[in-house]
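Just below is one structure, and these are the notes that go with it.
Chains as they are written, first to last, in our numbering: chain A, -19 to 194; chain B, 4 to 96.
This is the structure we're talking about:
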């Protein structure tokens, strides 16, 4: 016997409960997705390889892409101006294939802190930052961020001084948003690669601020 | 309301139509300032049904938390921006 089972019947060796097998019928929408996908392939509109390729392309997108955009904006004032004027074009200029994404960048300053939410669903700039974190899609984050953003931010560990204005951006329609966080103090002379390593996903959503580098 | 007619201050209409609506209920009836004008984009209320969509200006409207939540505002001078289609907005004198 490898280990004692008597009170751990439902726990894995690491001490966590086993996840139930998903031996359940497909939902309506799962069936619909499979049907549409098979039809697209049968009718020659797309191929299985193209569909798998698109899934791979989406999975390759990550916050590291957005971090490069942020680091460039920190080091290149003309690029920052273009980013704030049209973040989609500025991202494409850096070579990111963001498809039809319509992006707005909002800048954190010494006086302003921006935070992004989508109250109606879970709009997120996936084509630049990859998939949204689960909490971003939760009803709690979506409903509370527009009502009590400072309390929500404090639960992320961000306690803002009184003089800072909070700007909440509800991504209600066609636009998606990225926060341009403040460049951390202590990074004078750093190159964009080193700077990009400092930029976190949450700092681009507005639920974290980047700490001073010591 | 056309893009040209838009003044700086606008009120979100209080209508409650059924369907796929991209105007959150919590800003209906609230007054804000136009932050920028975008589009024109197809009206999502028509696009969702696959019918020819009217192309409309999309306005980013900035509200104060005091306007949106009244006395319950966490910090009255903080702001909330939302994208609202032009047919949902009316001018404020």
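By construction, the Cβ of each residue, glycine as well, lies at the ideal position given by its N, Cα and C atoms.
| request: Just mark residue 85/A as buried or exposed, buried being the case when its beta carbon has 16 or more other beta carbons within 10 Å. | output: As a working mapping, residue 85/A is identified with position 105 in the first chain. Buried, because 16 or more other Cβ atoms sit within 10 Å of the Cβ of residue 85/A.
| request: Indicate whether residue 62/B and residue 24/B have their beta-carbon atoms separated by less than 8 Å. | output: Within the second chain, the letter at position 59 stands for residue 62/B. Within the second chain, the letter at position 21 stands for residue 24/B. It is not a contact, given that the beta carbons lie outside the stated cut-off.
| said: As an exercise, report each continuous alpha helix (DSSP H) stretch of at least 4 residues that is fully enclosed by the stretch 30 to 95 of chain A, in chain order. | reply: 43 to 55, 57 to 65 and 67 to 73
| Touch test, the stretch 82 to 96 of chain B against the stretch 51 to 68 of chain B, Cβ-Cβ under 8 Å, three pairs minimum | yes
| How would you list, in chain order, the residues of chain A whose beta-carbon sits under 8 Å from the beta-carbon of residue 82/B? | By 1-based counting over the second chain, the position of residue 82/B is 79. Per Cβ cutoff of 8 Å: 145, 146, 147 and 148.
| Measuring from the CB of residue 76/B, is there a heavy atom of the ligand MN at a distance below 7 Å? | Absence of the ligand MN from the depicted structure is noted, as is the absence of any ligand whatsoever, leaving it without description.
| Name the chain A residues whose beta carbon is nearer than 7 Å to that of residue 25/B? | Position 22 of the second chain, counting from 1, holds the residue named residue 25/B. Per Cβ cutoff of 7 Å: 100, 152 and 153.
| Would a check of beta-carbon distances place residue 72/A closer than 8 Å to chain B? | Taking the first residue of the first chain as 1, we reach residue 72/A at position 92. No, because no Cβ of chain B sits closer than 8 Å to the Cβ of residue 72/A.
| Distance, Cα to Cα, residue 189/A vs residue 53/B? | In the first chain, residue 189/A corresponds to position 209, counting from 1. In the second chain, residue 53/B corresponds to position 50, counting from 1. Cα-Cα distance, rounded: 42 Å.
| field | residue 92/B at chain A interface by Cβ criterion, 8 Å | value | Here residue 92/B corresponds to residue number 89 of the second chain, with the count starting at 1. Output row for residue 92/B: interface = no.
| Simplified DSSP state of residue 158/A, which is helix, strand or coil | As a working note, residue 158/A is residue 178 in the first chain. Note: residue 158/A maps to strand in three-state DSSP.
| message | Using the three-state DSSP reduction, which class does residue 45/B fall into: helix, strand or coil? | response | Translated into positions along the second chain, residue 45/B becomes position 42. It is a strand residue.
| field | Nearest to residue 120/A (by Cα), restricted to the options 111/A, 133/A and 108/A | value | Residue mapping note: residue 120/A aligns to position 140 of the first chain, counting from 1. Closest option to residue 120/A, Cα to Cα, is 133/A.
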